[in-house]
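What follows is a single structure, written as structure tokens, with notes after it.
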Amino acid sequence: MQITIKVFGKLRHYMPAANSAGIYPLNFDQGETLEQLLKKLPLPEGRPYLVLHNDNKIDTDQYSSTPISESDDIIVLAPVKGG
Amino acid sequence: MSWQQRILRVNLTTGSCNIEPLNMTWANEYLGQRGLGSKYLLEEMDPSVDSLSVENKLIFATGPLTGTMASTGGRWSVITKGPLTDAIACSNSGGKFGAELKLAGYDLVIIEGKSDKPVYLHIENEKVKLCDASEIWGKTVWETEGLLQKKYSDPLMRFASIGQAGEDLCRYACIVNDLHRAAGRSGVGAVMGSKNLKSIGVRGTVGVKNANPEHFIKTVNAVNARMNDREGMSRDGTLDMIDVTNSFGSLPTRNNRQVRFEGTEKLNPNAMQTPNENGHTNLITNGACFGCTIGCGRICKIDPTHFSVKDKPQYHKASGGLEYESAYALGAACGVDDIDAATYAGFLCNEYGMDPISLGGSIAAAMELFDIGAITEKDTGGIKLEFGSAQALVTISELTARSEGFGKDIAMGSKRLTAKYGHPDLSMSVKGQEFAGYDGRSMQGMGLAYATNNRGACHMRADPYESDFDTTEIEGKAAIVKNSQDEISFIDSSGLCLFPGGCGWTLSDYLELVDGACEGSWDMDRLQQTGERIWNLERQFNLLAGLSKADDTLPKRILEEPAEVGAGKGLVCRLGEMLPEYYELRGWDEEGRPKTDTLNRLGLN
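First to last, the sequence lines map onto chains A and B.
According to numbering that gives the first Met the number 0, the first sequence is numbered sequentially starting from 0.
According to numbering that gives the first Met the number 0, the second sequence is numbered sequentially starting from 0.
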């Protein structure tokens, strides 16, 4: 199955050139969790980010208990400062 | 030491230009730039005078790190009483002008009085002269810089000028330096215009000394090396924030009616960097200020076939493009998703000298007035001032720049404009200054920061970002806002930019640079106390100017209309719950007045 994840803010820098718009398709299997899905993104270890799952902010400790479906809207953001 | 220990005092009434020693007691208490300029302002003028009167003073202030080799050591500020807010105004700029002023040997330039004829100020180290500006009065900033560059034939000469908006006293006129950098907010350009001062040109070869240059160079190198996360900012500027706030639900859209804009993907970094249907790419390259190793500036070109510039070849060249705030204000706030139209309106802001945030916020307020029928085409001179209309944005921006037709109303700012047409609640502003690109319902700390800011709504005086993107719960936010306001007051007074803080620097790095540049010992306690002193001094100015607790508030929309989507769905800003705790943390009474103990502790009594 496939889902398209949006990666915005400074995290776009880590996306391959083909995904520089921040739109990143990922394959996943039935039953996979948000945590497993996020591990497939080419994001550096230890870098803080926040995840919006169907317009709700998901806490880090919920990643492993949140199942994924194809219709989910998932956005990964780096917390940024203003200017 | 990195202060020049000299100020230049220019009296436009008498025509005198005198060099005086810097008050070093104040320099050690207020550091420089914002803090020091504010101290001089409070000491030398009555805060209750009209901001456009001859009694107002206009101070151009550098910091001890301005003009040094520290990364981002090019910042400078303009301090005055702001015509938009009738409160203390301190507007920060970059580019090259501030460094040049410092290299010419000055910490501050104090402008007082009013010239009876248009003049410009010419500074070459100790040679200072007021010159006739009759040939440049009425010209744009770009024309002014071009004419003065040609006259002096020195490509290293730097200029800070007003355009017609400043001459016409637009309430949010700004001072533009180096063509597309600006002391943008609160109408500092109108003060300059009220004094008949068109431009300041400066060339400096004195240099900046340091008591221990070897140590300073080592410090600079060590701290620069800790800036380890700048690539995103170099590539996208601040514009990458628009996808963040849009996703999060904190992007003020259509005058804060909504918090998410469906047109965001036409304004974001990807849109700026991808060729359009005509093969044209908006972004040309990035740009940097003096001494900056980040380079967040955007240099952009409008599609020459776009309706806004089709028959105007003077706009077919590259210039300062959209950053986050201008993309929000000239885009989402007005419901406009046309990147070329927004870029063109931004060009006009640089050319005529207007704050794009306040221009966009004022147009957005006018669009809502039009939407509800409070103004009609009869008032607007035939312009269908509808949300989403790129044509209306372009036309009204042109009229505002030249103070023509309904542009005169837009030039009043949203507070005066909406009051004129009977709907003051529709001004999305604090103390008369229009919101930045963050909504206080999903970002509760930002709501408190807007309401308590000494210069009106702005996003650059507190740092609630990490907390606000983490949670909408308000516990702890008063302390975060208060502490970060003090820290930023210090950084704003140093000559350094805030952006390294988002690229790997911590507060300790800033402190290390100040300690390396300035005599005496600077530690965290001194940093915090200096910042708190500056904040309270600004508050004193405002109280004497007639502001009060009543001004520490937010528009009804933010306090009473819940956000419809995003992280703030169903929420209003809980300002009423955060404000008392904020006042207490500040050592202020329930009316927001600094207590005697607080003033004594900070040496402000």
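C-beta atoms are modelled at their ideal positions from N, C-alpha and C, and glycine is treated no differently.
query: Is Leu40(A) close to chain B, meaning its C-beta is less than 8 Å from at least one C-beta of that chain?
result: Chain B contact via Cβ: absent.
Indicate whether the contact test is met: 3 or more Cβ pairs, each with one atom in the stretch 114-128 of chain B and one in the stretch 167-185 of chain B, closer than 8 Å.
-> no
N- and C-terminal bounds of the alpha helix (DSSP H) containing Thr379(B):
376-379
Enclosing alpha helix (DSSP H) for Pro117(B) [first to last residue] = No alpha helix (DSSP H) contains Pro117(B), which DSSP labels as neither H nor E.
- Could you please give the first and the last residue of the uninterrupted alpha helix (DSSP H) stretch that includes Gln163(B)? 163-166
- Flag this pair as touching only if the stretch 195-210 of chain B and the stretch 145-160 of chain B have three or more C-beta atom pairs under 8 Å; answer yes or no. yes
Amino acids of chain B, ordered along the chain, whose beta-carbon sits closer than 8 Å to that of Gly21(A)
Asp242, Asn269
> Looking at chain B, which residues of the stretch 44-76 of chain A have a Cβ within less than 7 Å of any of its Cβ atoms?
Replying inline: Leu49, Leu51, Asp54, Lys56, Ile74, Leu76
Taking CB distances under 8 Å as the criterion, tell me whether Asp462(B) reaches chain A.
yes
Classify Lys80(A): buried if its beta carbon has 16 or more other beta carbons within 10 angstroms, exposed otherwise. buried
Practice item. Taking Pro78(A) as the query, report the chain B residues whose CB atoms sit under 7 Å from its CB, ordered along the chain. Key: Tyr464, Glu465, Phe468
* To do: Kindly list, in the order they appear in chain A, the residues whose Cβ is closer than 8 Å to that of Ser246(B).
  => Lys5, Phe7, Leu51, Ile74, Leu76
Distance check for Arg253(B) and Thr379(B), CA to CA, integer angstroms please.
Rounded to the nearest angstrom, the two C-alpha atoms are 19 Å apart.
With 16 other CB atoms within 10 Å as the buried threshold, where does Pro63(B) fall? buried
- Message: What would DSSP say about Cys288(B), mapped onto helix, strand or coil?
- Response: coil
Give the residues from the stretch 543-571 of chain B that approach chain A closer than 9 Å (Cβ to any Cβ), ordered along the chain.
-> Val564, Gly565, Ala566, Lys568
If we count the other Cβ atoms within 10 Å of its Cβ and call it buried at 16 or more, is Val564(B) buried or exposed? Counting Cβ neighbours within 10 Å, Val564(B) comes out exposed, since fewer than 16 surround it.
N- and C-terminal bounds of the beta strand (DSSP E) containing Asn176(B)
174-176
* Check whether Gly567(B) and Val258(B) have beta carbons under 8 Å apart -> Yes, Cβ-Cβ distance for Gly567(B) and Val258(B) is below 8 Å.
Taking the straight line between their C-alpha atoms, what separation do you get for Asn267(B) and Gly296(B)? 15 Å
- Find the residues of chain A that neighbour Asp438(B), judging by a C-beta separation of less than 9 Å, and give them in chain order. Ordered by position in chain A, no residue passes the 9 Å Cβ test against Asp438(B), which lies about 13 Å from the chain.
**Study point:** Beta-carbon gap between Gly668(B) and Leu495(B) smaller than 8 Å
**Key:** Look at the range of chain B in this structure, 0 to 604, and you will see that residue 668(B) is not part of it.
Taking the beta strand (DSSP E) that Cys89(B) falls in, what are its first and last residues? 87-92
Express the C-alpha separation of Leu558(B) and Lys311(B) in angstroms, rounding to a whole number. 44 Å
> Out of curiosity, what's the CA-to-CA distance linking Ile533(B) and Tyr29(B)?
Replying inline: A direct Cα-to-Cα measurement between Ile533(B) and Tyr29(B) gives close to 7 Å.
I'd like to know whether the C-beta atoms of Asp467(B) and Met445(B) end up nearer to each other than 8 Å.
yes
Exercise for the section: Kindly indicate if chain A contains any beta-carbon less than 8 Å away from that of Gly231(B). Expected result: yes
| request: Show which residues of chain A have a CB atom less than 9 Å away from the CB atom of Gly500(B). | output: Identification of chain A residues near Gly500(B) by a Cβ-Cβ cut-off of 9 Å yields Lys80, ordered along the chain.
So with CB distances below 8 Å, who are the chain A contacts of Asp239(B)? Residues of chain A whose Cβ lies closer than 8 Å to the Cβ of Asp239(B) are, in chain order, Phe7, Gly8, Lys9, Arg11, Val79.
(Q) Against Arg234(B), what residues of chain A qualify as contacts under a CB-to-CB distance less than 8 Å, listed in chain order? (A) Using a Cβ-Cβ cut-off of 8 Å, Arg234(B) is close to His12 of chain A, given in chain order.
TODO: Flag this pair as yes or no: are the beta carbons of Arg8(B) and Asn17(B) separated by less than 8 Å?
DONE: yes
- [ ] Give the straight-line distance between the Cα atoms of Arg538(B) and Ile487(B), rounded to the nearest whole angstrom.
- [x] Cα to Cα, Arg538(B) sits roughly 15 Å from Ile487(B).
Every unbroken alpha helix (DSSP H) within the stretch 452-491 of chain B, with a cutoff of 4 residues, ordered by chain: 464-469, 476-490
(Q) If I follow the unbroken alpha helix (DSSP H) through Ile58(B), where does it start and stop? (A) It is not in any alpha helix (DSSP H) - Ile58(B) instead sits in the beta strand (DSSP E) that spans 57-61.
Practice problem: Tell me, to the nearest whole angstrom, how far the beta carbon of Gly602(B) is from that of Lys594(B); I am working on the premise that it is less than 8 Å. | Solution: So it is not a contact: roughly 14 Å between Cβ atoms.
Exposed or buried, what is Lys149(B) when buried is set at 16 or more other beta-carbons lying within 10 Å of its beta-carbon?
-> With fewer than 16 other Cβ atoms within 10 Å, it is exposed.
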